[in-house]
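Note that my numbering numbers the sequence shown so that position 51 is 79, with each residue one more than the last. Built from N, CA and C at the ideal position, the CB exists for glycine as well. Model, not experiment: these values are computed from the prediction.
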Amino acid sequence: MSDKQVIETPSPMVPEENHQQKEPISHKPLSAYGPIPEGMSKSQWKKICKKKRFEETKDEFNKKRKLKKLQARERKREKIEAYVSKGLPIPEEMKKQPKKNVNQKDSGIKIIIDCAFDDLMNEKEIASMGSQITRSHAANKRADYYATMVCSSFNKRLKERFDKQIASSNYKNWGHFEFTPEDIDKLEEYKRKNDEEDNLIYLSADTDEALEKLEPGCTYIVGGIVDKNRHKLLCYNKAKELGIKTKRLPIDEYIKISGRRVLTTTHVIQLMLKCFEKDGDWKAAFEEVIPSRKLGTDEGDARDGDTKEVEKSSEELVTTQE
Ligand SMILES: C[S@@+](CC[C@H](N)C(=O)[O-])C[C@H]1O[C@@H](n2cnc3c(N)ncnc32)[C@H](O)[C@@H]1O
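The following block contains the structure:
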């Protein structure tokens, strides 16, 4: 583990920031865009105005975000220097992970991100899904055991986002990562599926059977959707229709978590990669990947706890209450 970690190199000095005084981005009131055009509903017009305002403030927003990032990096560098100057060990979480693990081995598993749910997401969710795919790729690059990854049904707004807004991701050249416009049932893995050997499994939180072991040679499908659980049983029903076996992650068997057990696509992928790294130890994988605030400590943190969380970013779990 330690041989693949490097300490962050000092970054150039960046302008000082007074953290107490946040300078807001200048926001025009929506009324500045004129009256509602005839034949348009208030909410449609509001949406258009918000889009226009976003376009106008985008550069300012990006500049501020970049500056904030640089400042955060500088603060971290100062903290690391303080540890070094006191002769103290640098905490693990402050060490930077290298972007690529050069000693990777093939896990032998394939992970398909099923992106057929494009129409069920709004623009924000598409953006979040885009960054989840990017994070999944980053996790796969760093993992000790990589998976062969495929994005299926990559043919609508998600693809458009990768082609336009996040073209710099250079996704067409990602290693161990393919993108195909075809849906699951057109893929070779589907045609070769063998019910008895469970060589194709659709992961879903809505099924009873737990996935105890990841088997090289098997393909695991993960739903590529951010829906704050609006579409219950979505992937479970799709798998049933296609005659694909479903399994859930063995969460309750190994850890206590608060809220519902529906995880983000990225977390599910990170968990599988981590499980390989930990020699099949799900508990260790869960403890490393699931945010600590989600790990329950007592009986009160049960399935029906009254916490209401929403997916704030692709880092977070989706746990909305019914
Ligand atoms: C945000 S969830 C999608 C929730 C969606 N409503 C559904 O019906 O699947 C993204 C995907 O992660 C996988 N997933 C999430 N939690 C899981 C769990 N506890 N066990 C197995 N797979 C899970 C599933 O493949 C799921 O489709």
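- Comparing alpha-carbon positions, the option among Lys221, Asn129, Gln132 and His55 lying closest to lysine 78 turns out to be His55.
- At the C-beta level, glutamine 160 and threonine 294 come within 7 Å of one another.
- In the three-state scheme derived from DSSP, where H, G and I count as helix and E and B as strand, glutamate 206 is classed as strand.
- Cβ-Cβ distances below 7 Å link glycine 136 to Pro244 and Gly245 in the same chain, with the five nearest sequence neighbours on each side left out; the list follows chain order.
- Per DSSP, threonine 274 is one residue of the beta strand (DSSP E) stretching across 273-275.
- Not one heavy atom of ligand 1 is found less than 6 Å from the C-beta of valine 178.
- DSSP, reduced to helix, strand and coil, places isoleucine 249 within a strand of the structure shown.
- The three-state reading of DSSP puts isoleucine 229 in strand, counting E and B together.
- When the beta-carbon positions are compared, leucine 291 and alanine 313 stay at least 7 Å from each other.
- Annotation note: the stretch 151-205 contains the following uninterrupted alpha helix (DSSP H) runs of length 4 or greater, listed N- to C-terminal: 151-170 and 185-191.
- From the listed residues Met122, Tyr248, Asp87 and Glu83, the smallest Cα separation to glutamate 102 is found for Met122.
- Within a 10 Å sphere around the beta-carbon of asparagine 131 sit fewer than 16 other beta-carbons, which makes this residue exposed.
- With fewer than three CB-CB distances shorter than 8 Å, the stretch 273-288 does not count as touching the stretch 145-161.
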